[in-house]
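Structure, as structure tokens:
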Amino acid sequence: MNFVDPNRLLNHRRYRVPSEARPADDTAQRRLRRIVLTGGPGSGKSTAASFLAREFTDELWVLPESATLLYKGGLPRATTDRGQQVAQRAIYTVQRSLEEATALQHPSRVQLCDRATVDGAAYWPDGADSFFRTLGTSRERELGRYDAVVFMHTAALLPAGYERDMEVRTEDRELAIDLDRRMFDLYADHPRLVAIDSHASFLDKLTTVRNAVAGLLEGFEAEARLEVLAPEPEAPLSSLMGLSSVQHVLPVAD
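Our numbering numbers the first residue of the sequence shown as 2 and each following residue consecutively.
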């Protein structure tokens with residue numbers, strides 16, 4: 002899709018964390034933060050990721066989508082269940098490596114991940130439990146690696162609004178909707194999940210994503226003022242899951 006420069010579309014100055022929300026010592030070491038930007042095929046997340054990279058230049062480091070890197074780099078499209086398993090294992094490994102390498106190079110930036118290690122479970126032929134078991138991990142452990150999730154629902158849920166790109170996005174409308182549901186179920190128990198519905202105006206949806214990320218960043222900064230090199234919480238993620246419900250955010254109206 003042709004995307005007009007959002008700096009001309011959105012009538013506001015580039016985001017900055019309010020000074021009162023910043024820790025007194027901006028150079029102090031702090032805990033690494035990760036935000037997942039995900040959603041079903043055709044949700045607009047990759048376009049949103051590109052915009053957020055420009056909008057939050059000093060705060061975020063946006064990681065590319067691992068699957069796109071691999072498929073554009075020559076990884077064959079799977080035509081069998083075994084091939085799909087091989088592909089998803091590769092995507093998982095690359096995703097972990099991207100996150101770890103970025104943390105070493107840019108430790109002060111909040112990572113924004115265009116999909117995450119959890120997403121591959123939606124594509125695994127034998128189901129999500131088999132995916133995590135095969136990779137020697139668990140859904141709880143993988144969810145616990147991310148501080149927040151922004152889930153953009155697919156445009157395939159709208160009467161018109163889903164475009165199929167055979168190079169990268171090969172799913173038809175029905176499969177896109179099914180994958181959207183499966184992915185959302187994978188993230189549904191995350192204690193900091195923001196769900197963003199599709200809207201006829203993509204600019205409205207994009208603005209809503211921007212505001213959601215701005216709120217998360219301000220929350221991280223406020224927490225950083227209270228936790229100077231604080232240890233990770235001892236309570237497992239499972240003990241937190243029942244304390245929060247999904248926050249559904251509707252796109253702003255014109």
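All residues carry an ideal CB built from backbone N, CA and C; glycine is no exception.
Run the CB neighbour count on residue i, radius 10 Å, all protein chains shown included, and call it buried at 16 or more, exposed below.
i    : result
E262 : Nothing can be reported for residue 262, as the shown portion of the chain is limited to 2 through 255.
H107 : exposed
A123 : buried
S199 : buried
I197 : buried
G75  : exposed
L176 : exposed
T208 : buried
G128 : exposed
G41  : buried
Q30  : In this predicted model, Q30 has a pLDDT of only 49, less than 50, meaning its place in the structure is not dependable; the value taken from the coordinates is given anyway. It counts as exposed.
G84  : exposed
If we call anything under 8 Å between Cβ atoms a contact, is residue i one with residue j?
i    : j    : result
K206 : G43  : no
V37  : Y147 : yes
Q96  : W125 : no
L218 : D190 : no
R32  : C114 : no
L61  : Y93  : no
V119 : R134 : no
What residue range is occupied by the uninterrupted alpha helix (DSSP H) comprising residue i?
i    : result
L180 : 174-188
L33  : First-last for L33: undefined, no H or E at that position.
S139 : Premise fails: S139 is in no alpha helix (DSSP H) and is neither H nor E.
V119 : V119 -> no alpha helix (DSSP H), and no H or E assigned at all.
R90  : 82-106
T208 : 203-227
R146 : Here R146 belongs to no alpha helix (DSSP H), and DSSP marks it neither H nor E.
Y72  : 67-73
S47  : 46-56
Among the candidates the options, whose CA atom is the shortest distance from the CA of residue i?
i    : options                : result
G220 : R183, D173, R193       : R193
A117 : G75, W125, P65, K73    : P65
G121 : A68, D190, R78, V214   : A68
A91  : G128, F132, L61        : F132
V63  : Q112, S202, L159, V195 : Q112
F57  : E224, A223, V210, R226 : V210
L204 : G41, G40, T39, F52     : F52
V150 : L70, G74, V195         : V195
T39  : Y188, A225, E222       : Y188
P160 : D186, D173, D127, A201 : A201
T80  : G216, S47, R142, T171  : T171
K73  : A50, A88, T48, R83     : A88
L70  : S47, R110, R142, R174  : S47
At what residues does the beta strand (DSSP E) containing residue i begin and finish?
i    : result
F152 : 149-153
V111 : 111-115
L64  : 61-64
V195 : 194-197
On the three-pair Cβ rule with 8 Å, is the region 172-182 touching the region 147-163? yes
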